[in-house]
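Residue numbers (our numbering): 5 to 1260. Here the structure is laid out as structure tokens; the discussion comes afterwards.
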Amino acid sequence: MYILGCDIGASSIKTVVLNEKNEILFKLYDLHKSAIEKVFNKHIAIVNKEFHSLIQYAGVSGALINDFNPEYKQNNISSLISGVKLIQPNCNSIIEIGGESASYISNIQTKPKFSLNCSCAAGTGSFFEDQLHRLNVSLDSIEEMIKKSTTTPLIAGRCSVFAKTDIIHRQQEGCSVEDIINGLSFSMVKNYKASIIRGNTIASPIIFSGGVSLNYGVRNAFSTILSKEEIIADENGPFYQAIGTALLSKRDKVNFNINDFKFFKVPIVKNALPQLVLKDKDYVKHNTVKYDKTLKHYLGIDIGSTSTNLVLINEKRQVVSIQYLRTEGRPLEVVNKGIKTLKDKYKDIKINAIGTTGSGRIYIAKQIGAKYVRDEITAQAKGVRENALEVDTIFEIGGQDSKFIKLNEDGVEDFLMNKFCAAGTGSFVEEQAKKLNIPLDEYGPLALQSKHPVLLGDRCTVFIQSSVDQSLSTGENIDDIASGVCYSIVHNYLHKVVGNREIGDNIYLSGGVCFNYGIVAAFKHYFPNLKVSKYFSVTGAIGIALISLEEELELHKKAKINIDEDAIEKNRNVFKETQSYFIGSYNGKIDKNKKTIGIPRALMNYKLFPMAYGFFKTLGFNVLLSPKSDEDIIRRSQSLAVEETCYPVKLILGHMDYLIEKKVDAIFMPSVYTMKHENSGVEHDYGCVFMQGSAKVLGDLLDLKGKNIKLLNPILAMHMGQPQLAKAMMEIGLSLGFSKTKCALAMAAGGKNLLNFTTKTTKLGKQLLSTIKSDEKVLVLVTRTYGIDDDVLSMGIKDTLLNYGYKVITLDHLPAHEEKFDDSYPNLYWPFAQHIVGGMKQIKENPNLYAIYLTNHGCGPDSMISHFVGEIMKDKPYLQIEVDEHYSSVGLVTRIEAFLSSIENSNKKYSNNNAFVNISKNYFTDMDKYLEKDTDSSILNIVNYYPYSIIYSNLLNSKGIRTRVLDETNSESLFKGKSEIRSKEYASMYSVIGDILHSNPCINDNYLIFQNKGAETDGLIARVCRTVLDRKGYSNNKIITLSIEDMHKNIDLLYTVIYGDLLLTLDSEKRDNFISNIPTKINIESLIAYINEEASYDYNIYLYGDPRCLFNRYLSNNYIKAIEKKGRVGYMSLTENILFILKENNRDIDFFIEEVNYFNSLINNKSPICNKEEANSYLINLQDEADKSVKQFSTLNGRFRMAKATEKGLPSIQFSPMYENLSILMEMMPNEQFINISIDGSNSEMEKIETYLEFK
């Protein structure tokens, strides 16, 4: 009896045969290079020839088995564990890295815990393979190269394409290939540790499995980074999963039949993407004129990551010579080669001036003595407009940078560049062409042959490769896949670069991708009037050549800043003095006879340190402030990070770790629950999710208690004013053993310090503002205080801007809090958002001021505020820069130079009228007021949350209020929603926007949107929808909001959630049948009778989370269907959810409680609401359970979710939008009971669900 196991991975196929003693008889490993079925059939043929009829059991696992005979399928993680335990029975943990998969498994000997990569493929085999290919290095040579390496340069480990950027920069700096390979290995392992291992237990021995276990560089990096652990990487590394698959098939007695051990050819469901059509293919010709030695000539050089272009023009502005060369990481060598080619071709040539642009412009200019250097935005605009005066919009796609440029009569008006994902760039195209084995020059024609382009998604390049592989395994044609990739390029560009920016009427496409007919056709599908720039592949080089000519002939005088060195130095001193006031008398000296309080230099401590210092010093403690963020703090933060939080929160880990190393006795890190802003117009001004909850969670993560370090974490409810701050600090002092009198004295000292700091810095700001001249352009840094004072978060931008000769002030220097928001931005509950929005209004209205707006990558609030900033600024240019730890200094300089160039060269006068849009006539926060003003002809459209929206519509219709439930989200509506995003907005937001836009609003259509009053992003969804509708020309369509906190006033909503909860106890078929036949008015008696007869309350899997994801069937249904195959599903009770929030907000819910208790009495069996317990007591118990996680925490339904996650002791699956700050915080908490599924409209986390349920 022999056993067959196959692991069909994203990059390779592994096959093993075991005998009856589970000994390995046969192993075979092959890269399939997307020919999955062909290589698989080869393996089976070899096995059949060698073992013939001896195989009794067989199984298959891996990434690409969707269409394999399901009888043979085994779970990947279970297979891996089984295989490892057979060969390495003492193993405690497993590191697994394959072609596109990465996982970490701990607790192997007891109850396994696992973590998978789902949303990003950085840190997988494909990631490393891509870099080796670019460097022309073979896997076999890595060991020798690593041993020759002398240093470990920093290389981005977050993205395959951006790693290439760092590699190029390191090569430009003279780094050897050996060192780059070493740096790449370490960056990959660091990324794996941060994003996969995260906070899970690391216990030896650790088995390294997967194809990457063969990579010496990665093995060496793991051994260094996990130096205290025993890591075993043996010859079975790639085969462990196949071995385990065989063992599980034997356990399950899955009999082998060679005739059905195969892929099934299922009918292919064609997607809705239309065939690509391109009529004009003549645009590829780049015409040049004959060289005339009597004319002056100018050379433009564009040095990019992928190509380096040299264009020679003459004084008549005619193009004489074009060279499009591959950079290949050797920019100087390539440029010198290009210049030599010119000199060889035109023997007597004299170049009057040379200009450089592109990412390598500064370095090359210094090396060759180029006279003119410009950013690529300015150069691109110049190059395109030279041959297209009417152009108002440029889509430019380079090797790794994609750009959107909006032009006015003066030049660049607005621009955007891709941020952190390079999907949708030239490198993205090359990766796919390489993996599909299609020569680049044949790719476009092949894509145009397609009749049925495949929808592949718009995620990162490695995951689209997974979609490509899946499509190949189901029999899709190569031309259909190639065409689908072209669409993915466009979708990525539109969603991740352009977002919701206004696109003009005269669009020109430029960049090397225009050589690809398929991509041009895909763009023209969405923009039929789009044209290809005349010299599309070298427009940047032409632009800088023209700028050089104009500068030399003084035809174009670049606006210059008259730098007042004294004024600039005074400006610098303002920032220096602010820092000295912040530090005060602190000197960092430690008295060994006293205990030490450590204060992380992060978040609100940038405001509160003077107070905290005075307080603790008065109590007799040493105070140790962590150092300014630097490379050491960054390294610590990256190594300790367990989730992808925003960068400021991630840095807290580094600062805390520094203080732990210094052996402090306690760490002071306050939580900001609320603040007080008189003009906000909201019920409460909340701190964001992380400001409210991260301090305690990070303290637990770093095991402060286990290290005998006390976390001093006062919860600041500042809406109660200064007395509450004093009370919170008093409680800290009392907890440290001091008397009330001593604490009061300490608080007085701290308060005095804080007042002194505030008074002095305010005075400095006023002095700086008083120096602004009437015609002076002043740059305002707009962000939170810590985003400016922390040099890592601000990237040193203050000094950079001052070096350009501009006066620089910050948001804190403006009286932004004096603005009122009620009629323009209701429910804007974040104080820092109010500060930013108010500041932007003042900048818009002041002709002297120009904003540089710093946002944080992955910040939920920033993703919403950005929409309001764009709305306020309208046509006035501002620069938005998104920050994370991998931000490129080259990219920063490019953006700054382009922005400064645009504001200096513009003669446009911007309106200084009120920048706030009054929305009070078409935006209602009260249903009754809406009904008073609206006419009988209007229809109230309700976003579709199943089954609640249908029930609510029914109840309102029965009262004579005309309503309609919007169609459920679909792929088309989601695409429309994604087209309106700017950054990391949640699917819960862009699905709503897409559903509304997809409904094609008519004049009488109005929209009802549910929201909370803080402090996740959901409370701003309606306001962003208002912004989008106004921009789209739907200003008359009203939006009505209903806040959960006000639902105690709405009886119809109470009955809606009760009825909906009851219906969700039915099987899906019975539920759908009931709803499809719902009468004009729901009969309560018949509903209860039907529920008592048909409902089932016995479930073994609990689903909960953000209602906008859980009850949006398009976003969640595929997951739920898979879950239902594993057991009976129970849903989060929306009645409980709402009652909990109302109780938390001290609302009068006595009537609601009575009604819930009444309905529960009518239910025969256990009710889905409050477990059929007395409702008020049940809610109190839930609050007590939530207190164990975090107190005073207002974020959507955060405390409710924390309480419910472990309540029933069942497998619990949380549905939340990808990037949701609340779910990120929850995942950082120690809780083995639940898993979180990140919703983005794809089904990328199916394996995570299957594996979780496998071990529950």
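Glycine included, each C-beta is placed from N, C-alpha and C at the ideal position. If you're wondering where the values come from, they're calculated on a predicted model, not measured in any experiment.
Of the listed residues the options, nearest to residue i (C-alpha basis)
i: Glu-647; options: Ser-1246, Ser-16, Lys-31, Met-1230; result: Met-1230
i: Tyr-914; options: Asn-850, Arg-899, Leu-1119; result: Asn-850
i: Leu-158; options: Ile-511, His-499, His-456, Glu-889; result: Glu-889
i: Ala-486; options: Val-501, His-456, Ile-507; result: His-456
i: Ile-307; options: Gly-403, Leu-393, Leu-459; result: Gly-403
i: Gly-691; options: Asp-286, Lys-1017, Cys-179; result: Lys-1017
i: Pro-881; options: Ser-870, Phe-872, Tyr-854; result: Tyr-854
i: Leu-1200; options: Ile-1184, Ile-907, Asn-1240, Phe-1144; result: Phe-1144
i: Glu-665; options: Lys-580, Val-686, Leu-706; result: Leu-706
i: Met-877; options: Lys-714, Val-786, Ala-250, Ala-369; result: Val-786
i: Gly-737; options: Lys-845, Phe-625, Phe-825; result: Phe-625
i: Gly-1109; options: Gly-544, Ser-1120, Leu-90, Lys-756; result: Ser-1120
i: Asp-1191; options: Lys-700, Phe-132, Glu-506, Asn-391; result: Lys-700
i: Thr-1031; options: Arg-986, Met-673, Lys-194; result: Arg-986
Heavy atom of the ligand PLP within 7 Å of residue i beta-carbon
i: Glu-413; result: As far as ligands go, the structure on display features none, and thus does not contain the ligand PLP.
Residue i versus residue j: straight-line alpha-carbon distance, rounded
i: Phe-1197; j: Met-1206; result: 11 Å
i: Lys-354; j: Val-542; result: 22 Å
i: Lys-25; j: Gly-215; result: 26 Å
i: Asp-144; j: Leu-476; result: 29 Å
i: Asn-807; j: Val-897; result: 12 Å
i: Arg-330; j: Asn-313; result: 8 Å
i: Glu-886; j: Glu-147; result: 38 Å
i: Lys-1170; j: Glu-1097; result: 13 Å
i: Ser-798; j: Gln-583; result: 15 Å
i: Arg-639; j: Asn-712; result: 24 Å
i: Phe-694; j: Cys-1113; result: 21 Å
i: Cys-863; j: Thr-156; result: 31 Å
i: Glu-555; j: Leu-783; result: 26 Å
i: Ile-1253; j: Lys-18; result: 24 Å
i: Gly-618; j: Leu-612; result: 10 Å
i: Ser-828; j: Tyr-927; result: 9 Å
i: Phe-579; j: Pro-819; result: 18 Å
i: Gly-1131; j: Gln-92; result: 33 Å
i: Gly-842; j: Ser-906; result: 24 Å
i: Asp-1056; j: Leu-1070; result: 22 Å
i: Tyr-1223; j: Ile-1241; result: 11 Å
i: Leu-252; j: Val-21; result: 13 Å
Residue i: first and last residue of the uninterrupted alpha helix (DSSP H) it sits in
i: Asp-445; result: 444–453
i: Gly-874; result: 864–877
i: Ala-549; result: 543–557
i: Val-600; result: Here the sequence assigns Thr to residue 600, which means Val is not the residue at that position. Run containing Thr-600: none in the alpha helix (DSSP H); it sits in the beta strand (DSSP E), 600–603.
i: Gly-221; result: 220–229
i: Asp-1076; result: 1072–1080
Residue range of the beta strand (DSSP E) that includes residue i
i: Arg-28; result: The question names Arg, yet the displayed sequence has Ile at residue 28. Element bounds for Ile-28: 28–35.
i: Ser-119; result: 117–120
i: Asn-204; result: Here Asn-204 belongs to no beta strand (DSSP E), and DSSP marks it neither H nor E.
i: Pro-614; result: Looking at the DSSP string, Pro-614 is not in any beta strand (DSSP E); the run it does join, the alpha helix (DSSP H), is 609–622.
i: Val-782; result: 782–786
i: Tyr-491; result: No beta strand (DSSP E) contains Tyr-491, which is instead part of the alpha helix (DSSP H) from 482–497.
*Count the C-beta pairs between the region 1131–1143 and the region 1170–1178 that are closer than 8 Å, then say yes if the count reaches three, no if not.*
yes
*Could you tell me which uninterrupted beta strand (DSSP E) segments, each at least 3 residues in length, are contained entirely in the region 1112–1179, listed from first to last along the chain?*
1133–1135
*Counting pairs of Cβ atoms below 8 Å between the region 401–418 and the region 442–455, do you hit three or more?*
no
*Which ranges would you report for the beta strand (DSSP E) in the region 1040–1068 if only whole runs of at least 3 residues count?*
1043–1047
*Could you give the uninterrupted runs of the beta strand (DSSP E) lying entirely in the region 338–379, keeping only those of 3 residues or more?*
355–361
*Is it true that the region 237–252 meets the region 80–88, where meeting means three or more beta-carbon pairs spaced less than 8 Å apart?*
yes
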